[in-house]
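Below is one structure; the comments refer to it alone.
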Amino acid sequence: MTTNNLLCFPYAGAGAGLFRAWERRRLLRHARLVPVQFPGREELFGRPPCASMAELVEACLPLARRTAAEGPTTLFGHSFGAIVAYETAQRLAAERIPIERLIASGAAAPWLPRPHIGADELNDDEFVANVRDLVGYDHPALNDPELRQLLLPSLRADLGVNENYEPTTRAALPFPVTALLGTDDEMVSANEAEPWVQAGAKGGELIRLRGSHMYFVADVRPLAATLDALLARSSAH
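Mapping of the sequence shown onto the working numbering: residues 107 to 343, in sequence order.
Below you can see the structure in the form of structure tokens.
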């Protein structure tokens, strides 16, 4: 039986451990989770965080190429991770590496303005306050002084990359793009998320899931069920 791979890109400041926890819980029935680890966190903590989108995509490409060579592959990313997944998908498409679908969660379409959060301008307390206000989510690690100092370099780097991001191309991807969005997302509107569908081939859609920008933090099961359904649909073709 062919293995369906779900290549997962984390949100700003997060690491692959987010998706490894999903894997341990066996949340998906129709895919093998393949977490992407950005430099500067977890087992790659000794490497500096990437300072540009181009550098970050180059870091992600070797795993993306290997995964796509092993079987049908879908890319999934949340928030900042959705943009990294999109740029990685564009590179794979340029190399004619087949991909089933891009699933972009909690993010405005790539060609729309990115939020400015002051990643390079504010002190730690001001920066953390801005993140909380913008995202509407208080990461537990930001309340622990030691953990905060470990998290902040990667979070600042990711949000700095996001602030300065411009898409490398507007070329339509040769596979569908599905957008996911929390019904109460205070950071991204439906008008900003819906244009993702135009970034790919026919078969894309906007799917609303109950909750805020970080809608899956309290209960990941609705997201897992949605991903499973999309992957099962791809498998049927």
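For every residue, glycine included, the Cβ atom is placed at its ideal position computed from N, Cα and C. None of these values were measured; they are calculated from a predicted model.
Span of the beta strand (DSSP E), counted from its first residue to its last, around residue i
{"i": "Ile-313", "result": "307–315"}
{"i": "Pro-282", "result": "282–288"}
Coarse secondary structure for residue i, derived from DSSP in three states
{"i": "Ser-211", "result": "strand"}
{"i": "Gly-119", "result": "coil"}
{"i": "Phe-182", "result": "strand"}
{"i": "Leu-138", "result": "What sits at residue 138 in the sequence shown is Arg, not Leu. Strand, per DSSP."}
{"i": "Cys-114", "result": "strand"}
{"i": "Gly-187", "result": "helix"}
{"i": "Ala-324", "result": "coil"}
{"i": "Glu-201", "result": "coil"}
{"i": "Asp-291", "result": "coil"}
{"i": "Gln-143", "result": "coil"}
{"i": "Glu-62", "result": "This structure leaves residue 62 out entirely; the chain is present only between 107 and 343."}
Span of the alpha helix (DSSP H) around residue i
{"i": "Arg-254", "result": "251–269"}
{"i": "Val-163", "result": "159–176"}
{"i": "Ala-278", "result": "Neither: Ala-278 is in no alpha helix (DSSP H) and is coded neither H nor E."}
{"i": "Glu-298", "result": "296–299"}
Residue i versus residue j - alpha carbon distance
{"i": "Met-107", "j": "Ala-170", "result": "In this prediction, Met-107 scores a pLDDT of 45, lower than 50, which makes its location untrustworthy; no coordinate-derived value is stated."}
{"i": "Val-283", "j": "Cys-114", "result": "15 Å"}
{"i": "Cys-166", "j": "Phe-144", "result": "7 Å"}
{"i": "Arg-64", "j": "Leu-286", "result": "Summary: the structure shown does not reach residue 64, with the chain confined to residues 107 through 343, and so no result is reported for it."}
{"i": "Asn-229", "j": "Asn-110", "result": "44 Å"}
Under 8 Å, with one C-beta from each stretch per pair, do the segment 208–219 and the segment 173–187 reach the 3-pair mark? The segment 208–219, when compared against the segment 173–187, does touch it at the 8 Å Cβ threshold.
Could you tell me whether the segment 263–273 touches the segment 124–131, where touching means 3 or more Cβ pairs closer than 8 Å? no
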